[in-house]
């Protein structure tokens, strides 16, 4: 028999009453509180089986139902943890930060409204990348998605967590244009031009009149997004680019410095990622095919992996989307920047409208292939992301790599890192792969993670996104003026959500009602 | 003798005490309350001499001084109206919305920190476009500004009012990256990565960790921006483009539909503006050279104006910035879209790095030339902007033009309109020119403006920006769910600024303390 999980400070009988009231809104079948239900809302990639446990879930079908649910939650003081589709792997999946929270599962809300004239879409949170992709394909709508490497999640949820993709629309959060949001008090707000009822420009102009709020609802707990406007890429006339391989770890420095000015001047409009040999090996093979010893993979194994896949220590892919003449010219300019440089090998990619479309994220086609990497160590696989933001600078990138690589070796982990070059910043994405069935490894991962955060903080590099387990740890590194940002966040939190029922602890933002739950970071 | 203006509900003696306290922070010479001082903070383009009068001004030199000032203002309940340089002509200039407010004049704060490696700048509010331009020129820093047509204002203030420029960096507010803000309670917050003390990425990555707040401080009254990060354009290798003239009012429809897909697919990355013949005539001549009758200019005069300047009914300019091959290819693609269309005339523009730079806003050089248009009617000239946001669609643009043109004729005003094509939206900018010394005309302008707002609201087009006189009127048109946005704005306003001392009424946001001052819109 399992122990029933309750929200903090809520009695079993009050919880039951609240569940009855929730059922009155959504119907009994959408109040999910069996052991099996609770199991379904666990973070099955997590390193802990005792943290972040839901008391159950409730699954509404509409914004109107959510407006009623939040009022009941406030009355009974039941913290709600909204999820879109709950596929935020590496960052917590469907699990709530605060144990005992009731998951507000929005995956039933799947409306899609495409504006074919203006190349935009309005999606509900339950719409996955595959849903939207098929919607467009079935109707022959010439719009392309930008999808993340693992595309089984929610289009809306991904943008709300600042997930990224591969095309020029890959900075998903920056392509948000207009939200509909249920506030913690049950009010319903539309942002931007949506604040004018019936405005045809809701999905066309971001800012509206006065302060703009879209980014307030990103990575936060101030409201429940029930509709999101997003811009989509019109199918380009051509897609061009190339993949390059580099032989040495030290090549990272000049590669970053070569690409950086081309990102800043707009010649290259997507964010290329410079990643290491494990990116491919971990997806296509498992570790035991290569090595059966503890400790990080030795150089000889790295050599063998590179030989088998015919890859460099690092690789990079760049892509251009647009009219044929323009992508050709852009590709020429970027190629020229690599001339005379020690490039190990190059592979070209070219596509023209009318040709069969490459089934890859480069062409905005959803994929789940990279997800295979969780099996690298065998057992019940998991991974956790560590992603500090740093300047785009070769020397700094190389020393970040060297410092991090030394930590991987120290903790006996296999290096899985990349440097994604934004318009001005670089995100150093580390995917820490582990086996949940190896308790020693889990313990090491925890220590390793803390070491990585400490190292980065010393350089004043902050993470752009983190696992629910580490939200307080990371929020604590944002320390200007004795955590002024936290004071602002929490002042607004308490004003909008006086009972603190919405996602307490998300991004380190704790309402007064639950402030004692904050981790001692 | 003039009447001394006091903040609402504040006695003369309390006001004097407050001024003494302010002087204790900034020094006597920076508390400005003579008649002459007050005159300097009037909206000298306004149509009213009795509204929007400041009680005086206080001019701090630093964020630390501002932190002290807001605490005194809260103690004495003195509403503060922050201005950067007060050049927001057409929208209220330096004048406060609420009469009796004390202007917080930030024009002494003029620090500039350029990051030459990353193409960004951190500016204080008093830095004007000319200041920054000269700073870059004197140091031979190869970065270009984006400047508005009248460039005598503040770089920071312009971005905070969502002003626009001509280059690919012309949507200034979208190039903000990180703010430092004094909150109404005196707290000091840095947004984005600036929330981590000493982070080298403050001006490189916009969002930071958790909710992002830059846009919260735009067109609002939640805090006083004391530093703003902005991205600057690296000097391009080439600048190419062309100007086209069109003969008939009806050409607007196909021109919009020709350019729209090229904006959406990113071939054209700046926002071209399709404007009419008065744009040139009003800058280079005055009305009485052409016509001395009341009523809108007749067609015969329009013909004469067009003949003299050799221009169309409409004109458009497009520009491309970047590597030579890429601008050449882009220009070719956009030229092709106009092939076989009824273009009256075409003028090409081309520049390469090393050549003398064109002294125009297209090349990011500040200018005040367009400001001349205020003299069109003679007398003390003024203008007010009317700028609804609409979809980018030829049919809708033409009917917006026809509807608006009929109103200009009805009210006897000379048509000065343009359609600026954003990536997805269009802003229909109208500059209503008038003579402050003609009371009949001022009355007509007021009625005309209300008619324009009503017409646009019927189409569900909302304004992106408006004059302080019309902020309540425009805010009232944002009516979704019985003004849900206003409820959100004012809930946050009251939480952050309980005494309502910061810019009450800005963008229609009234703190509880002054809610009775809201116009009956």
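Residue numbers (my numbering), protein chains in the order written: chain D, 817 to 1337; chain U, 817 to 1337.
We put the CB at the ideal spot given by N, CA and C, even for glycine.
When the cut-off is 8 Å and only beta carbons count, does residue 1307 of chain D lie next to chain U?
Looking up residue 1307 of chain D in the first chain gives position 491. Closer than 8 Å: yes.
On the DSSP bridge assignment, give the partners of residue 1010 of chain D in chain order.
Along the first chain, read from residue 1 onward, the residue named residue 1010 of chain D stands at position 194. None; residue 1010 of chain D has no bridge partner.
Could you check where the beta strand (DSSP E) with residue 991 of chain U kicks off and where it finishes?
Position 175 of the second chain, counting from 1, holds the residue named residue 991 of chain U. Where residue 991 of chain U is concerned, there is no enclosing beta strand (DSSP E), because DSSP gives it neither an H nor an E.
Pop quiz: residue 1049 of chain U and residue 972 of chain U are said to be a contact at Cβ under 8 Å. What is the actual Cβ separation, rounded to whole angstroms?
Reading the second chain from its first residue, position 233 is the one you call residue 1049 of chain U. Reading the second chain from its first residue, position 156 is the one you call residue 972 of chain U. Residue 1049 of chain U to residue 972 of chain U, Cβ: 17 Å. No contact.
Between residue 1028 of chain U and chain D, is the shortest Cβ-Cβ distance under 8 Å, so that the two count as touching?
Taking the second chain and counting its residues from 1, the one referred to as residue 1028 of chain U is at position 212. So yes, residue 1028 of chain U belongs to the interface.
Residue 1321 of chain U by DSSP, collapsed to three states: which one?
As a working note, residue 1321 of chain U is residue 505 in the second chain. Three-state DSSP puts residue 1321 of chain U in coil, outside helix and strand.
To the nearest angstrom, how far is it from the Cα of residue 830 of chain D to the Cα of residue 1315 of chain D?
For the purposes of this step, residue 830 of chain D is taken as residue 14 along the first chain, with counting starting at 1. For the purposes of this step, residue 1315 of chain D is taken as residue 499 along the first chain, with counting starting at 1. Answer to the nearest angstrom: the Cα atoms are 16 Å apart.
Using 8 Å as the Cβ pair cut-off and three pairs as the minimum, do the segment 1012-1029 of chain U and the segment 1064-1076 of chain U touch?
no
Grouping DSSP H, G and I as helix and E and B as strand, with all else coil, what is residue 1145 of chain U?
The residue you call residue 1145 of chain U lines up with position 329 of the second chain. Of the three classes helix, strand and coil, the one that applies to residue 1145 of chain U here is helix, per DSSP.
In chain U, which residues lie with their C-beta within 7 Å of the C-beta of residue 973 of chain D?
Stepping through the first chain from its first residue, residue 973 of chain D is reached at position 157. Here the premise fails: no neighbours, minimum Cβ distance about 16 Å.
Which first and last residues belong to the beta strand (DSSP E) in which residue 898 of chain D is found?
To locate residue 898 of chain D, count along the first chain from 1; it is residue 82. Element bounds for residue 898 of chain D: 896-899.
I need the straight-line Cα distance from residue 1139 of chain U to residue 1054 of chain U, nearest angstrom please.
Taking the first residue of the second chain as 1, we reach residue 1139 of chain U at position 323. Taking the first residue of the second chain as 1, we reach residue 1054 of chain U at position 238. Going by the C-alpha atoms only, they are around 6 Å apart.
Pairs of beta-carbons, one from the segment 1143-1163 of chain U and one from the segment 1030-1044 of chain U, closer than 8 Å: are there three or more?
no
With 8 Å as the C-beta to C-beta threshold (strictly closer), list the residues of the segment 928-960 of chain D near chain U in chain order.
Those residues of the segment 928-960 of chain D placed with their C-beta closer than 8 Å to a C-beta in chain U are 933, 934, 935 and 936, ordered along the chain.
Against residue 1167 of chain D, what residues of chain U qualify as contacts under a CB-to-CB distance less than 9 Å, listed in chain order?
By 1-based counting over the first chain, the position of residue 1167 of chain D is 351. What residue 1167 of chain D touches in chain U, judged by beta-carbon distance under 9 Å, is nothing: the nearest beta carbon there is about 15 Å away.
Please name the residue in U/1287, U/942 and U/866 whose C-alpha comes closest to that of residue 906 of chain U.
By 1-based counting over the second chain, the position of residue 906 of chain U is 90. Comparing Cα positions, the closest option is U/1287.
In chain order, which continuous runs of the alpha helix (DSSP H) of length 4 or greater are located wholly inside the segment 1181-1246 of chain D?
1210-1226
Which of the three DSSP states, helix, strand or coil, is assigned to residue 1266 of chain D?
Numbered from 1 along the first chain, position 450 holds the residue referred to as residue 1266 of chain D. Helix, per DSSP.
Return the CA-CA distance between residue 936 of chain D and residue 994 of chain D, expressed in angstroms with no decimal places.
Here residue 936 of chain D is taken as the residue at index 120 of the first chain, counted from 1. Here residue 994 of chain D is taken as the residue at index 178 of the first chain, counted from 1. Approximately 11 Å, taken between the alpha carbons.
According to DSSP, is residue 1283 of chain U helix, strand or coil?
Here residue 1283 of chain U is taken as the residue at index 467 of the second chain, counted from 1. The answer is coil: DSSP assigns residue 1283 of chain U none of H, G, I, E or B.
Quick one: grab the DSSP three-state call for residue 817 of chain D.
In the first chain, counting from the first residue as 1, residue 817 of chain D sits at position 1. Residue placement at residue 817 of chain D cannot be trusted, given a pLDDT of 40 that sits under 50; what the coordinates show is reported in the next sentence. Three-state DSSP puts residue 817 of chain D in coil, outside helix and strand.
DSSP three-state label for residue 1124 of chain D, please.
On the first chain, residue 1124 of chain D is found 308 positions in, with the first residue counted as 1. Judged by DSSP in its simplified three-state form, residue 1124 of chain D adopts helix.
Quick check: what's the CA-CA separation for residue 1003 of chain D versus residue 939 of chain D?
For the purposes of this step, residue 1003 of chain D is taken as residue 187 along the first chain, with counting starting at 1. For the purposes of this step, residue 939 of chain D is taken as residue 123 along the first chain, with counting starting at 1. Answer to the nearest angstrom: the Cα atoms are 20 Å apart.
Mind listing, in chain order, the continuous beta strand (DSSP E) runs of no fewer than 3 residues lying wholly within the segment 1084-1112 of chain D?
1089-1092
What is the rounded straight-line gap between the Cα of residue 941 of chain D and the Cα of residue 1181 of chain D?
Within the first chain, the letter at position 125 stands for residue 941 of chain D. Within the first chain, the letter at position 365 stands for residue 1181 of chain D. Rounded to the nearest angstrom, the two C-alpha atoms are 19 Å apart.
If the cut is a Cβ gap below 7 Å, which residues of chain U does residue 1003 of chain D touch?
Taking the first chain and counting its residues from 1, one reaches residue 1003 of chain D at position 187. Simply 1300 and 1303.
Would you call the segment 1078-1087 of chain U and the segment 975-989 of chain U touching, i.e. three or more CB-CB distances under 8 Å?
yes
Could you check whether the Cβ of residue 1174 of chain U sits closer than 8 Å to any Cβ belonging to chain D?
Mapped onto the second chain, residue 1174 of chain U falls at position 358. Not closer than 8 Å to any Cβ of chain D, the Cβ of residue 1174 of chain U fails to qualify, so no.
Determine, using beta carbons only, whether residue 915 of chain D comes closer than 8 Å to chain A.
Chain labels in this structure do not include chain A; the protein chains are D and U.
Below 8 Å between beta carbons: does that hold for residue 1117 of chain D and residue 1009 of chain U?
Reading the first chain from its first residue, position 301 is the one you call residue 1117 of chain D. Reading the second chain from its first residue, position 193 is the one you call residue 1009 of chain U. Not a contact, by the Cβ cut-off of 8 Å.
Per DSSP, what kind of secondary structure is residue 941 of chain U in: helix, strand or coil?
As a first step, residue 941 of chain U is located in the second chain; it is residue number 125 there, counting from the start. It is coil, neither helix nor strand.
Output the residue ranges of the alpha helix (DSSP H) runs that lie fully inside the segment 849-934 of chain D and measure 4 residues or longer, sorted by chain position.
851-856 and 879-892
Does any C-beta atom of chain U lie closer than 8 Å to the C-beta of residue 1020 of chain D?
The count along the first chain starts at 1 and reaches residue 1020 of chain D at position 204. True, the Cβ-Cβ gap to chain U drops below 8 Å.
Can you tell me whether residue 1114 of chain U is buried or exposed, with buried defined as 16 or more other CB within 10 angstroms of its CB?
In the second chain, residue 1114 of chain U corresponds to position 298, counting from 1. By the neighbour-count rule (16 or more Cβ atoms within 10 Å), residue 1114 of chain U is not buried but exposed.
When the Cα of residue 1160 of chain D is compared with those of D/1219, D/1062 and D/1080, which residue comes out closest?
Taking the first residue of the first chain as 1, we reach residue 1160 of chain D at position 344. Cα-wise, what sits closest to residue 1160 of chain D is D/1062.
Answer yes or no: do residue 1241 of chain D and residue 1282 of chain D have a C-beta to C-beta separation smaller than 8 Å?
Taking the first chain and counting its residues from 1, one reaches residue 1241 of chain D at position 425. Taking the first chain and counting its residues from 1, one reaches residue 1282 of chain D at position 466. Their beta carbons are not under 8 Å apart, which means residue 1241 of chain D does not touch residue 1282 of chain D by this criterion.
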